Amino acid sequence: MNSILIIVFAPLLASIIAGLGGRWMGHTAAKVLTTAALFLACGLSWPIFLSFIAGTGEASVTPVLTWVQSGNMTFDWALRVDTLTAVMLVVITSVSALVHLYSWGYMEEDPDQSRFFAYLSLFTFAMLMLVTADNLVQMFFGWEGVGLASYLLIGFWYKKPSANAAAIKAFVVNRVGDLGFMLGIFGTFLVFQTTSIPEILEMAPAMQGSTITFMGARWDTMTILCLLLFVGAMGKSAQLGLHTWLPDAMEGPTPVSALIHAATMVTAGVFMVCRLSPMFETSPTALAVVTIVGAATCLFAATIGTTQWDIKRVIAYSTCSQLGYMFFAAGVGAYGAAMFHLFTHAFFKALLFLGAGAVIHAMHHEQDMRYYGGLRKRIPITFAAMLIGTLAITGLGIYDLHVGFAGFWSKDAILEVSYAAGGHGTGAFWVGAFAALLTSFYSWRLMFLTFWGKPRWIESEHIQHSVHKTPEEAGADTTGGYHPHESPWTMLVPLGVLSLGALFAGQVFSGSFLDSASFWNGAIAYNEHLMHAMHEVPKWVKYSALVAMLVGLFFAWLAYIRRTDLPRQVAQQLGPIYDFVYNKWYFDELYNLLFVKPAFWLGRVLWKKGDEGTIDRFGPNGVAWVVERGSVLAKSVQSGYLTSYALIMLLGLVAVITWVLF
Amino acid sequence: MGGFPILSVMLAVPLVAAIMCLFLEARQARMVALLATLIDLMLGVVLWANFDIGGAQWQFTERANLFAGFEYALGIDGIALMLIMLSVFLMPICIGASWEAITKRVGEYMAAFLLMEVLMIGVFAAQDLFLFYIFFEAGLIPMYLIIGIWGGQNRIYAAYKFFLYTLLGSVLMLIAMLWMVNEAGTTSIPVLMEYDFAPQAQTWLWLAFFASFAVKMPMWPVHTWLPDAHVQAPTAGSVILAGVLLKLGGYGFIRFSLPMFPDASAEFGWLVWGLSMAAVVLTSLIALVQADMKKLIAYSSVAHMAIVTLGLFAFNVQGLEGAMMVMLGHGLVSGALFLCVGVIYDRLHTREIARYGGLSINMPAYAVLFMLFTMAAVGLPGTSNFVGEFLSLAGVYQANSWVAFVATTGIILGAAYMLYLYRRICFGEQKNADAAALPDLSLREYLLLGPIAAAVLWMGVYPESFLAPMRADIELLDTRLAAAAPEGDAQLVMGEGAPEEEEHTQGEAH
């Protein structure tokens, strides 16, 4: 059972060798090494996952090394494998291995390839440490480790100022979440005197109803602990309020977006909530917050997705929105459904991103969809893959026939279970159904703009540079003589494999994820009752996702194929509302105004007016001034003139006499 | 170890070497200094290897009566051992860092550094109150000279400021010490650590010691000497200043203020908390706007040291151990950061951040190591600083959640200013032609930074090596503080538990 050691540490080893030795061993060796390590890890992960599917897998903990022992606070390096971990293992290693392979083609001309592959493997290691954690602190290690890898990869093209800014933003915004996570760990330790996850989960129910003071206010203990931890999850999973870093993270190379900012890292928050689900179950308030934040993000990100022009940003907001689905599923108590959506989403979203990468690759690094068009016939394999991905994310499937793409199974399950849960779930259902409509709209909008219509790419500066022509010179030929080319096989194979996932992952695994308590085997809080109720919801609920998808598709078709002038008219009609959505609800501007600018301003004031203007002025410089003045005064008194000495003597005498007599 | 007076030998080796250096020419002085510091490092390793974890509290004790009750008494516990290890580890690196950068008065310079090493080991090993005082205060002199003679443009101002601040506190401490000896009738630190002073007296004694330690730490608002001292000091001076001298304040708190005046420490906890919280937030914000690399790191040191004081005054094991780990980790990391600054300063002779940029292109190895130390400074798990910061903050949380919240915001601000610094130096286009032409690390520089990098990772992944020797001492201190420790603000009140669940083990309330 020690294949887990190889799964986790092979990527680390490969990363270190490729990263530090890349320049001596050459790009090819570094690429072979890291990719081989990942395929090895992937090959070892699937048997573990399948053994849990078959019901033969057993949860285990492999100790590695002592970490910290401080009083009664102890935590060790250890690798925990149970159903939940096994799900994450296959997601991480599969997508990572495919992304490694894909990057052979995508990064082919980059002079720093070995560094890129080292970062990718480092990320995989950190992510694996996160999901195999047996205590909260190791989870935090993985949490920060993926943050580091994300920072390095977003800023991979470090000469670009925008990439550097995005990298710092991602790290710092995540740190805001980490503040919550850390306080959550401290609070958990304070209450339970342990950081071991199984021990905490076991003791959590007994703590229900207890109260505690946090920052001067009385709280329900479990509520405040869960909320603090959830702040961490919000940061990592880019939920409303702490989401601003994710769209900017698209500055990184596209394979990174697929691996980190779609399939794996951003789902860490969902994973955390599921891992700690017995703990969240003890606080209805915390679960309500999770539901509301998830539903709000789901809707808000989807609205922005409908207005963006950058192909990667559309998919980024889509990711943000899909994460919202996962959270509100967890919030209503359907952790299996949340994990199921995480699982299927990993395949089809990685597929969409890698497909977008193939498009960008074909279009000479142009990312603006306004300059695409008519690519269907030029890059047919990429088109087919993207089509499968789009059908998966929009959730095409027919309930009564039991057929559907991966996203259909998981998204439908989430909507049904929310409806079945009632309470906040009902609201989440309506929000989710409407977001499904928007999802369908922006996804098909992306497809229509990219693959249908007439070529528009002569307007693109990237293409103009490539063909050395201006639009005027090109005249009627809107391609400008530029011919998009299909990607190499290293990029197409991952698209093919992920397409299989997007087609079948839902159909094959839905039974295990949704309806099998024995599959989960205690790894999450499994609500048997709720999962039964899910199947009993009215027929119209079961078809709501399909209807939403078709309506969204119709509007996208209307606006971007049938009447292409419609979007501009609608945007003009909506005016400020459109601007508000197009400018991403002005979150960046708001945060800039509220936090970034004041921080720098305060720093300058504290430095110039505080440290130098007050402390130094009245402190050391003040003392020096007093001493200097004092000595000048003393010097002037000792003038050497007899008359002035006599005068002082006289005055002194008068003073003494006065004092003695009266 | 038998009767081998290893601590005295560790003091004697650099002392003899220091005297030799005064009479040697540059080349020989460098060699002698390096040799002496390496011998001390080896002796330190022997010391560590022979330290009996779980054995007597004070080990390697030496005692000789001098005059008038004044004793030459040495001995270490685990806490002192770790700080001595930090000192002897950083010293050869300092000598190496000065190898080419210092060209005038090399003999005297090396002598000053070696004397510094004597005094630092002495401070941590002294078991006699006055012996401690002498070592503690004498440390000022070589540092004053290092800044004042081998420093930058504005070195005289910085040296005076440094001297003025640190002297102010020490006078008060001396008076307090005289009173204590008179009261308790002994100068032995181990005895005094168990002596119970009257609460009223404790208040004044605590304040007198605080004046000295707060300046050394340095705590806000008596920190303004540090940025100037760092900016003006030569690279090695900054390394030793940040690496070891800043730890004297923390050591003072843990050796004197806490065990000798536990009641007063509890009474003034709010003062330490308040100043430390202010330091974390204010100096981090100031670090954000610095244009001078050394000043930025100096301000970040103030913020990190505030985590130490918070941990110490949390009055629990995690807080104390965390504070010690932050001291050790920060000693390594800030030392390494100043070395990183020194590496490029030696090449371009400017500390102005804007004059660099894009160094990842022409100095890739440097960029990797600098990134490692940046991440360690940010407190990334897996590096030394995380263990310390995590434990101290966990300790603080148990004492007061408000304080913990404010202090933990430091992880956000810390990430902001460090990554912003790194971006401006290593990332971006090579906009300055001279910076773009800088060569990558030399073998000597690899040898300076490599060992620190290894230590930083070691301490982050397997801190047990460092925690184990201190464990018994911290527990002893924790027991001593237990009576005075203020109640935490959490006030957990148990509820009835989950209704439909069967009986569960009752979670411990603390």
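So the sequence lines, in the order shown, correspond to chains A and B. Be aware that the first sequence starts at 34, since it is given in the numbering used here, and climbs by one per residue. Be aware that the second sequence starts at 59, since it is given in the numbering used here, and climbs by one per residue. For each residue, glycine too, the CB sits at the ideal point set by N, CA and C. Every value quoted in this text rests on a predicted model; they were computed, and no experiment measured them.
Check: Which stretch, first to last residue, makes up the beta strand (DSSP E) that contains P96 of chain A?; Outcome: 93–103
Check: How would you label F381 of chain A, buried or exposed, when you count the other beta carbons within 10 angstroms and need 16 or more for buried?; Outcome: buried
Check: Hey, A453 of chain A and M567 of chain A are a contact pair by Cβ (cut 8 Å); roughly how many whole angstroms apart?; Outcome: 5 Å
Check: For V551 of chain B, write down the residues that DSSP places opposite it in a beta bridge.; Outcome: A:T244
Check: Taking 9 Å as the CB-CB cut-off, is F222 of chain A touching chain B?; Outcome: yes
Check: Within a Cβ cutoff of 7 Å, which residues of the same chain sit near V160 of chain B, ignoring the five residues on either side of it in sequence?; Outcome: Just to set this straight, residue 160 of chain B is Ile in the shown sequence, not Val. The answer, listed in chain order, is Y167, W208, P292.
Check: Starting from the C-beta of G407 of chain A, find all residues in its chain whose C-beta is less than 6 Å away, skip the five residues before and the five after it, and write them out in chain order.; Outcome: G486, K487, P488
Check: Can you give me the Cβ contacts of F193 of chain B inside the same chain, cut-off strictly under 6 Å, excluding the 5 residues immediately before and after it?; Outcome: L177, G180, V181, A184
Check: Determine the extent of the alpha helix (DSSP H) in which Y139 of chain A is found, giving its start and end residues.; Outcome: 116–139
Check: I'd like to confirm something about F150 of chain A: is its beta-carbon nearer than 8 Å to some heavy atom of the ligand NAP, or not?; Outcome: Among the components modelled here there is no ligand, and therefore nothing to report on the ligand NAP.
Check: Nearest by alpha-carbon distance to S316 of chain A: which of A:N554, A:G366, A:L275 is it?; Outcome: A:G366
Check: Work out the CA separation of A87 of chain A and P571 of chain A for me, nearest whole Å.; Outcome: 32 Å
Check: What residues from the stretch 652–672 of chain A come within 7 Å of chain B, judged by C-beta to C-beta, listed N to C?; Outcome: G652, P653, V656
Check: Which residues, taken in chain order from the stretch 241–265 of chain A, show a beta carbon closer than 7 Å to some beta carbon of chain B?; Outcome: Q241, G242, S243, T244, I245, T246, F247, M248, G249, T254
Check: Going by alpha carbons, who is nearest to K353 of chain B out of B:L92, B:A425, B:A372, B:I411?; Outcome: B:I411
Check: In the DSSP assignment, find the unbroken alpha helix (DSSP H) run with R502 of chain B in it and report its ends.; Outcome: 501–519
Check: From S323 of chain B to L236 of chain B, what does the alpha carbon distance come to, in whole angstroms?; Outcome: 20 Å
Check: Can we say the stretch 61–77 of chain A touches the stretch 123–141 of chain A, given the rule of at least three CB pairs closer than 8 Å?; Outcome: yes
Check: Using beta carbons (cut-off 9 Å, strictly below), is L229 of chain A in contact with chain B?; Outcome: The residue asked about is misnamed: residue 229 of chain A is Ser in this sequence, not Leu. Chain B contact via Cβ: absent.
Check: Residues of chain A with a CB under 8 Å from the CB of E503 of chain B: which are they?; Outcome: Neighbours of E503 of chain B on chain A: none; closest Cβ ~16 Å, over 8 Å.
Check: Give every residue of the same chain whose Cβ lies closer than 8 Å to the Cβ of V229 of chain B, excluding the five residues on either side of it in the sequence, and list them in chain order.; Outcome: none
Check: With distances taken Cα to Cα, identify the nearest neighbour of Y253 of chain B among B:I214, B:V239, B:G327.; Outcome: B:V239
Check: So with Cβ pairs under 9 Å, would you call V303 of chain A a contact of chain B?; Outcome: no
Check: Could you check whether the stretch 340–355 of chain B touches the stretch 524–531 of chain B, counting it as contact only if at least three pairs of C-beta atoms, one from each stretch, sit closer than 8 Å?; Outcome: no
Check: Is there contact here, the stretch 152–167 of chain A with the stretch 41–49 of chain A, by at least three beta-carbon pairs under 8 Å?; Outcome: yes
Check: Just to confirm the assignment, what range does the alpha helix (DSSP H) spanning G220 of chain A have?; Outcome: 194–225
Check: Quick check: the Cα distance between L273 of chain A and M251 of chain B, rounded to an integer number of angstroms?; Outcome: 53 Å
Check: Using DSSP with H/G/I as helix, E/B as strand and the rest coil, what is Y678 of chain A?; Outcome: helix
Check: Give the range of the beta strand (DSSP E) segment to which W252 of chain A is assigned.; Outcome: 250–253
Check: Extract the residue ranges of the alpha helix (DSSP H) inside the stretch 449–509 of chain A, only unbroken runs of 4 or more that lie entirely within it.; Outcome: 457–484, 494–500, 504–507
Check: Kindly indicate if chain B contains any beta-carbon less than 9 Å away from that of M215 of chain A.; Outcome: yes
Check: Could you have a look at S270 of chain A and say whether DSSP puts it in helix, strand or coil?; Outcome: coil
Check: Anyone know if the C-beta pair for A131 of chain B and I247 of chain B falls short of 9 Å?; Outcome: yes
Check: What did DSSP end up calling A567 of chain B once you bin it into helix, strand or coil?; Outcome: Per-residue confidence for A567 of chain B stands at a pLDDT of 40, beneath the threshold of 50, marking its modelled position as unreliable; the derived number appears in the next sentence. Coil at A567 of chain B, not helix or strand.
Check: Between the beta-carbon of G213 of chain A and the beta-carbon of G268 of chain A, is there less than 9 Å?; Outcome: yes
Check: With distance defined between alpha-carbon atoms, name the residue in B:F314, B:G332, B:A217 nearest to L203 of chain B.; Outcome: B:A217
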